[in-house]
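Below: the structure, in structure tokens.
Numbering (the working numbering), first residue to last: 650 to 871.
So, in structure tokens, the structure goes:
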């Protein structure tokens, strides 16, 4: 079964609360995209000046919404994510996605996440050669192929180079979990799975659907 992860690009904490409530009981994991205007041009909660609830979560007087029945993975759309990784570990995430183009300290970040049993996803843009991933396979938990070099927006069209990237990774590493984020829609999702993707992350397709449960079930059964 394909793993389906709804993605949230939050302007504020209320966005997270509302979107998670819509998928609670349908999926067991959501992805929060966090951006500070460096790796991605946009800024999101909590880097856009709205740090509401963050202090309470870090102090463990409050948890992320429905923390007892939902796992969270954070897509770190920031340069030098080593500056922020401690904060998100303290938040209590289940997985962190770090982009290979965003840091010179990837080994340090990977070790820090392994020390706290946090899953590690390694993100890669279509324009970055797959070979840059190879030495990390075996130490990370999954690869996330970004569907476009345009990072940080919902509704971006899929760069068709991604199909070849997935096929190549699948041929090189038959057991590697491969996620895709950006450009996952009704037309591309079956082709991505056919190419070798095992995890689909989407915001527009899932939250824009008339029946979220039916959409998630369709994607899971591809």
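C-beta: ideal position from N, C-alpha, C; glycine also.
None of these values were measured; they are calculated from a predicted model.
Which listed residue (794, 815 and 825) has its alpha carbon closest to that of residue 788: Within the chain shown, numbered from 1, the residue matching residue 788 stands at position 139. Among 794, 815 and 825, the Cα nearest to that of residue 788 belongs to 825.
Residue 844 to residue 855 span [Cα, whole Å]: Taking the chain shown and counting its residues from 1, the one referred to as residue 844 is at position 195. Taking the chain shown and counting its residues from 1, the one referred to as residue 855 is at position 206. Cα to Cα, residue 844 sits roughly 21 angstroms from residue 855.
Run through DSSP, which three-state label would residue 855 get? Looking up residue 855 in the chain shown gives position 206. Looking at residue 855 - three-state DSSP - the assignment turns out to be helix.
Return the residue from the list 680, 697, 741 and 752 that minimises the CA-CA distance to residue 732. What you label residue 732 is simply residue 83 of the chain shown in a count that begins at 1. For the residues 680, 697, 741 and 752, the minimum Cα distance to residue 732 belongs to 752.
The region 811 to 822 / the region 671 to 681 touching (three or more Cβ pairs under 8 angstroms): no
Limits of the unbroken alpha helix (DSSP H) element including residue 812: Counting from one through the chain shown, the residue named residue 812 turns up at place 163. Run containing residue 812: 810 to 821, per the alpha helix (DSSP H) assignment.
Where residue 655 falls: helix, strand or coil (DSSP): Numbered from its first residue, the chain shown carries residue 655 at position 6. Reduced to three states, the DSSP call for residue 655 is strand.
Pair every Cβ in the region 850 to 867 with every Cβ in the region 825 to 836, then say whether three or more of these pairs are closer than 8 angstroms. yes
Any idea which residues DSSP pairs residue 676 with across the strands? Within the chain shown, numbered from 1, the residue matching residue 676 stands at position 27. 673, per the DSSP bridge assignment.
Does the Cβ of residue 765 have 16 or more other Cβ atoms within 10 Å, making it buried, or fewer, making it exposed? In the chain shown, counting from the first residue as 1, residue 765 sits at position 116. By the 10 Å Cβ count, residue 765 comes out exposed.
Residue 747: first and last residue of the uninterrupted beta strand (DSSP E) it sits in: As a position in the chain shown, residue 747 is number 98, starting the count at 1. Taken as a continuous stretch (DSSP letters only), the beta strand (DSSP E) holding residue 747 covers 744 to 748.
Bridge-paired residues (DSSP) for residue 682: Translated into positions along the chain shown, residue 682 becomes position 33. Beta-bridge pairing links residue 682 to 724.
Cβ pair count under 8 angstroms reaching 3, the region 765 to 776 against the region 727 to 743: yes
Between which two residues does the beta strand (DSSP E) harbouring residue 830 extend? Counting from one through the chain shown, the residue named residue 830 turns up at place 181. Here the beta strand (DSSP E) through residue 830 covers 827 to 830.
Check whether the Cβ atoms of residue 665 and residue 714 lie closer than 8 angstroms to each other. For the purposes of this step, residue 665 is taken as the residue at position 16 of the chain shown. For the purposes of this step, residue 714 is taken as the residue at position 65 of the chain shown. In this structure, residue 714 lies closer than 8 angstroms to residue 665 by Cβ.
By how many angstroms is the C-alpha of residue 726 removed from the C-alpha of residue 690? The sequence position of residue 690 within the chain shown is 41, counting from 1. The sequence position of residue 726 within the chain shown is 77, counting from 1. One C-alpha to the other measures close to 9 angstroms.
Check the C-beta distance from residue 810 over to residue 778 and give it rounded, since I have them as a contact under 8 angstroms. Indexing the chain shown from 1 puts residue 810 at position 161. Indexing the chain shown from 1 puts residue 778 at position 129. With 8 angstroms as the limit, residue 810 and residue 778 do not qualify as a contact, their Cβ atoms being about 11 angstroms apart.
Beta strand (DSSP E) segment containing residue 793, residue limits: Counted from its first residue, the chain shown places residue 793 at position 144. 791 to 795 is the span of the beta strand (DSSP E), which, as asked, contains residue 793.
Label residue 650 either buried or exposed according to how many other C-beta atoms from any shown protein chain fall within 10 Å of its C-beta, with 16 as the threshold for buried. For the purposes of this step, residue 650 is taken as the residue at position 1 of the chain shown. The residue is exposed, with fewer than 16 neighbouring Cβ atoms inside 10 Å.
Roughly how many whole angstroms lie between the Cα atoms of residue 657 and residue 750? Taking the first residue of the chain shown as 1, we reach residue 657 at position 8. Taking the first residue of the chain shown as 1, we reach residue 750 at position 101. Cα to Cα, residue 657 sits roughly 22 angstroms from residue 750.
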